[in-house]
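Notes to accompany the following structure.
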Amino acid sequence: MRLLLDTHIWLWSLLAPDRLGRRVARELESPRNEVWLSPISAWEVLVLAWKGRISLREKPEAWVRNVLKELHFKEAPINHEVAIRSEVLDLPHGDPADRFLVATALVYELTLVTADDRLLRARGLSVLPNR
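Heads up, this note's numbering is the position in the sequence shown plus 2, with the first residue counted as 1.
Following this line, the structure appears as C-alpha coordinates:
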(Lines of atoms letter the chains of each structure in order from A and count residues from 1; the text may use other names and numbers.)
(Lines give C-alpha, C1' and ligand atoms only; values in the text may rest on other atoms or scores of the structure.)
Protein backbone atom coordinates (compact mmCIF):
# COMPACT_ATOMS: atom_id res chain seq x y z
CA MET A 1 0.00 0.00 0.00
CA ARG A 2 0.98 3.61 -0.53
CA LEU A 3 0.05 5.37 2.70
CA LEU A 4 -0.29 9.12 3.21
CA LEU A 5 -0.17 10.01 6.90
CA ASP A 6 -2.58 12.55 8.30
CA THR A 7 -0.62 14.92 10.53
CA HIS A 8 -1.91 13.48 13.80
CA ILE A 9 -1.00 9.94 12.69
CA TRP A 10 2.54 11.12 11.89
CA LEU A 11 2.83 12.76 15.31
CA TRP A 12 1.34 9.78 17.14
CA SER A 13 3.68 7.36 15.36
CA LEU A 14 6.63 9.32 16.75
CA LEU A 15 5.44 10.77 20.05
CA ALA A 16 2.58 8.53 21.22
CA PRO A 17 2.69 5.20 19.34
CA ASP A 18 0.22 3.67 21.81
CA ARG A 19 -2.47 5.85 20.18
CA LEU A 20 -2.13 3.95 16.91
CA GLY A 21 -4.52 1.11 16.22
CA ARG A 22 -2.98 -2.33 15.75
CA ARG A 23 -3.59 -2.45 12.02
CA VAL A 24 -2.20 1.04 11.43
CA ALA A 25 0.92 0.29 13.49
CA ARG A 26 1.43 -2.96 11.57
CA GLU A 27 0.98 -1.32 8.16
CA LEU A 28 3.38 1.51 9.03
CA GLU A 29 6.05 -1.04 9.95
CA SER A 30 5.51 -3.28 6.95
CA PRO A 31 8.32 -3.13 4.37
CA ARG A 32 5.68 -3.81 1.67
CA ASN A 33 4.18 -0.37 2.18
CA GLU A 34 5.41 3.07 1.14
CA VAL A 35 4.85 5.79 3.73
CA TRP A 36 4.22 9.25 2.28
CA LEU A 37 4.04 12.65 3.92
CA SER A 38 2.74 15.97 2.63
CA PRO A 39 4.67 19.19 3.27
CA ILE A 40 1.36 20.44 4.71
CA SER A 41 1.96 18.11 7.67
CA ALA A 42 5.36 19.67 8.35
CA TRP A 43 3.73 23.10 8.25
CA GLU A 44 0.90 21.92 10.50
CA VAL A 45 3.37 20.57 13.10
CA LEU A 46 5.15 23.93 13.15
CA VAL A 47 1.86 25.79 13.62
CA LEU A 48 0.78 23.43 16.43
CA ALA A 49 4.11 23.90 18.20
CA TRP A 50 4.07 27.69 17.81
CA LYS A 51 0.54 27.78 19.26
CA GLY A 52 1.66 25.62 22.20
CA ARG A 53 -0.67 22.75 21.29
CA ILE A 54 2.20 20.24 21.09
CA SER A 55 5.54 20.14 22.87
CA LEU A 56 8.72 18.99 21.14
CA ARG A 57 12.17 18.41 22.68
CA GLU A 58 13.88 20.79 20.28
CA LYS A 59 12.96 23.79 18.17
CA PRO A 60 10.02 22.78 15.99
CA GLU A 61 11.80 23.47 12.69
CA ALA A 62 14.83 21.42 13.82
CA TRP A 63 12.55 18.59 14.98
CA VAL A 64 10.75 18.46 11.63
CA ARG A 65 14.02 18.55 9.66
CA ASN A 66 15.59 15.80 11.81
CA VAL A 67 12.56 13.52 11.61
CA LEU A 68 12.33 13.93 7.84
CA LYS A 69 16.05 13.22 7.46
CA GLU A 70 16.02 10.13 9.71
CA LEU A 71 12.81 8.44 8.59
CA HIS A 72 12.92 8.85 4.81
CA PHE A 73 9.25 9.40 4.10
CA LYS A 74 8.32 9.80 0.47
CA GLU A 75 7.29 13.37 -0.17
CA ALA A 76 3.95 14.09 -1.82
CA PRO A 77 4.61 17.54 -3.28
CA ILE A 78 1.93 20.18 -3.42
CA ASN A 79 1.44 20.99 -7.09
CA HIS A 80 -1.15 22.90 -9.07
CA GLU A 81 -3.47 19.91 -9.38
CA VAL A 82 -3.40 19.37 -5.60
CA ALA A 83 -4.19 23.05 -5.07
CA ILE A 84 -7.10 22.95 -7.51
CA ARG A 85 -8.49 19.69 -6.12
CA SER A 86 -8.30 21.02 -2.56
CA GLU A 87 -10.83 23.71 -3.46
CA VAL A 88 -13.24 21.69 -5.62
CA LEU A 89 -13.53 18.71 -3.27
CA ASP A 90 -16.98 17.63 -2.16
CA LEU A 91 -15.82 17.70 1.44
CA PRO A 92 -17.84 19.22 4.29
CA HIS A 93 -14.63 20.20 6.01
CA GLY A 94 -13.23 23.72 5.95
CA ASP A 95 -9.77 23.05 7.40
CA PRO A 96 -7.34 23.94 4.58
CA ALA A 97 -4.68 21.48 5.79
CA ASP A 98 -7.15 18.59 5.72
CA ARG A 99 -8.43 19.63 2.31
CA PHE A 100 -4.84 19.63 1.00
CA LEU A 101 -4.22 16.18 2.50
CA VAL A 102 -7.34 14.71 0.90
CA ALA A 103 -6.50 16.33 -2.45
CA THR A 104 -2.93 14.99 -2.19
CA ALA A 105 -4.19 11.46 -1.54
CA LEU A 106 -6.51 11.67 -4.53
CA VAL A 107 -3.95 13.16 -6.95
CA TYR A 108 -1.18 10.72 -6.02
CA GLU A 109 -3.57 7.76 -5.54
CA LEU A 110 -2.57 7.22 -1.92
CA THR A 111 -4.47 5.73 1.01
CA LEU A 112 -4.97 8.34 3.73
CA VAL A 113 -4.26 7.06 7.24
CA THR A 114 -6.43 9.05 9.65
CA ALA A 115 -8.58 8.98 12.75
CA ASP A 116 -10.60 12.01 11.62
CA ASP A 117 -14.20 10.85 11.18
CA ARG A 118 -14.95 13.64 8.71
CA LEU A 119 -12.11 12.49 6.45
CA LEU A 120 -13.03 8.84 6.83
CA ARG A 121 -16.39 9.68 5.22
CA ALA A 122 -14.90 11.53 2.22
CA ARG A 123 -16.26 10.16 -1.04
CA GLY A 124 -13.84 8.52 -3.46
CA LEU A 125 -10.98 8.53 -0.96
CA SER A 126 -9.07 5.38 -0.02
CA VAL A 127 -8.64 5.44 3.76
CA LEU A 128 -7.03 3.33 6.45
CA PRO A 129 -8.88 4.21 9.66
CA ASN A 130 -6.98 4.39 12.92
CA ARG A 131 -9.20 2.39 15.25
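Cβ atoms here follow ideal geometry from the backbone N, Cα and C, with glycine treated the same way.
query = My guess is that Val84 and Leu7 are in contact by the Cβ rule of under 8 Å, so how many angstroms apart are they, rounded?
reply = By 1-based counting over the sequence shown, the position of residue 84 is 82. By 1-based counting over the sequence shown, the position of residue 7 is 5. Not a contact, Cβ separation roughly 16 Å.
request  = Please name the residue or residues paired with Pro131 in a DSSP beta bridge.
outcome  = As a working mapping, residue 131 is identified with position 129 in the sequence shown. Per DSSP, Thr116.
request  = Determine the direct distance from the alpha carbon of Glu36 to that of Leu121, and round the result to whole angstroms.
outcome  = For this step, residue 121 is matched to residue 119 along the sequence shown. For this step, residue 36 is matched to residue 34 along the sequence shown. Taking the straight line from one Cα to the other gives about 21 Å.
Span separating the alpha-carbon of Ala117 from that of Asn132 = What you label residue 117 is simply residue 115 of the sequence shown in a count that begins at 1. What you label residue 132 is simply residue 130 of the sequence shown in a count that begins at 1. Rounded to whole angstroms, Ala117 to Asn132 spans 5 Å at the Cα level.
ask   = Quick one: is the Cβ of Gly96 within less than 7 Å of any heavy atom of the ligand GTP?
value = For the ligand GTP, the structure offers nothing, since it holds no ligand at all.
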